[in-house]
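Heads up: the sequence shown at position 279 corresponds to 279 in full-length UniProt numbering, and the numbers run straight through without jumps.
Quick reminder that beta carbons are idealized off the backbone N, C-alpha and C, glycines included.
First comes the structure, then the notes that go with it.
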Amino acid sequence: MARRHRPLNEQVIVITGASSGIGLCTALLAAERGAKVIVAARSEDTLHDIAAHIHQHGGIARAIPTDVSDPDQLKMLADEAVAAFGGIHTWVNNAGVAIYGKLSEVSEQDSRKLFDINFWGVVNGSLAALPYLRTQGGALINVGSEVSDAVVPYQGMYSASKHAVKGFTDALRVEVEEVEKSDVSITLIQPTAVNTPYPQHARNYMQQEPKLPSPRIDPQKVAEAILKAAEEGGRHVTVGAMASINTLTSKVLPALADKFSAKLADKQQKDRRAEAPRGTLYRAGEGGQVYGLGDR
């Protein structure tokens, strides 16, 4: 595909949820390839360490602590990114958190907080970024999941939030790309399970320590897909073979997909007691790790 947007080494890229996992991996890779990177998350100390690491390795980065559940902070993030580097060429809405537990057990307060981060963080981040992206063209990239189409038991509210992200992203794409004919691409990234600290950061209602079912892909594969979209645009991008299988099965054979999903119920718990059940739903993680802790 011919490049639709400028090369990475000419871009300013804003990444939310950049203090760990996919966001951190994407920030490091983007900086390595010459982009000016804005790293945003709640984890202020970790963000400054990440920016310092990027500078030490010859890159350019700025840390801007941001809680994506606050729309005013997202507007400030966009304004500060432009003040720092003169514009925004790619905006990545990546911040997210999970809840493990039966839907009948999860509190409404926790569910609403998850939606404030996973869904409204994407909505308000997109709306904060678009005025700047429209001025010179650029890429808006929202990180969904294979459960933007499929579902996972005991992660029902997370699945619901990612379905909502897909609906919003698809509607926004039609308005911006097709109706406005704007030179902004709007891409949904849909990874399968990724080896990040996602389970350790989750709010956990289960008695056992949570985990993601295997197989899990390397977060660098997702980072590569995000950065490809930053240059080439795209619509929906599934990452990992299981993401392709699960999204297709959910669309074509939904009853069979339900049965496959049910088999994951017992594959999301480790053989030890839960260690930090509150997770990072209401607080910064300050972990600074790309990879998860495995199954040990």
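Pairwise C-alpha distance: residue j and residue i
i, j, result
"Gly287", "Thr66", "16 Å"
"Asp266", "Glu180", "47 Å"
"Val14", "Gln208", "36 Å"
"Ala52", "Ala27", "12 Å"
"Gln220", "Glu32", "13 Å"
"Leu130", "Leu188", "15 Å"
"Ala276", "Asn9", "40 Å"
"Thr196", "Ala83", "32 Å"
"Trp120", "Asp70", "9 Å"
"Ala171", "Val122", "13 Å"
"Asn93", "Leu133", "14 Å"
"His48", "Ala63", "6 Å"
"Lys259", "Ala35", "44 Å"
"Gln73", "Ala18", "15 Å"
"Lys102", "Ser126", "31 Å"
"Ala164", "Ile99", "16 Å"
"Glu178", "Gly167", "16 Å"
"Gly87", "His55", "20 Å"
"Leu212", "Tyr198", "8 Å"
"Arg296", "Ala274", "Only weak support is given to the placement of Arg296: the predicted model assigns it a pLDDT of 38, under 50, and the value that follows is read from those uncertain coordinates. Straight-line Cα distance between these residues: approximately 13 Å."
Delimiting residues of the beta strand (DSSP E) encompassing residue i
i, result
"Ser126", "Run containing Ser126: none in the beta strand (DSSP E); it sits in the alpha helix (DSSP H), 120 to 136."
"Ala63", "60 to 65"
"Gln269", "269 to 273"
"Ala41", "36 to 41"
"Thr16", "12 to 16"
Nearest-angstrom Cβ-Cβ length linking residue i and residue j, presumed shorter than 8 Å
i, j, result
"Gly240", "Thr192", "3 Å"
"Ala150", "Thr247", "6 Å"
"Ala128", "Ala78", "4 Å"
"Pro210", "Gln289", "With a Cβ gap of about 16 Å, Pro210 and Gln289 do not count as contacting."
"Arg4", "Ser185", "6 Å"
"Val176", "Val222", "Wrong, their Cβ atoms sit about 23 Å apart, outside the cutoff."
"Val68", "Ala202", "Rounded, the Cβ-Cβ distance is 17 Å, inconsistent with contact."
Neighbour-count burial assignment, residue i, 16 or more Cβ in a 10 Å radius
i, result
"Lys162", "buried"
"Asp110", "buried"
"Leu140", "buried"
"Thr135", "exposed"
"Val174", "exposed"
"Pro7", "exposed"
"Val252", "exposed"
"Thr169", "buried"
"Glu231", "buried"
"Arg235", "exposed"
"Lys263", "exposed"
"Leu256", "exposed"
Residue range of the unbroken alpha helix (DSSP H) whose run includes residue i
i, result
"Val252", "241 to 252"
"Thr26", "21 to 32"
"Leu47", "44 to 56"
Any non-hydrogen atom of the ligand SAH within 7 Å of residue i CB
i, result
"Tyr132", "The model on display carries no ligand, and the ligand SAH is accordingly not part of it."
Which complete beta strand (DSSP E) runs does the segment 152 to 224 hold, if anything under 3 residues is left out? If you keep only unbroken beta strand (DSSP E) runs of at least 3 residues inside the segment 152 to 224, you get 184 to 191, 208 to 210.
Ordered list of beta strand (DSSP E) runs contained in the segment 72 to 122, each at least 3 residues: Fully enclosed beta strand (DSSP E) runs of no fewer than 3 residues occupy 90 to 93 of the segment 72 to 122, in order along the chain.
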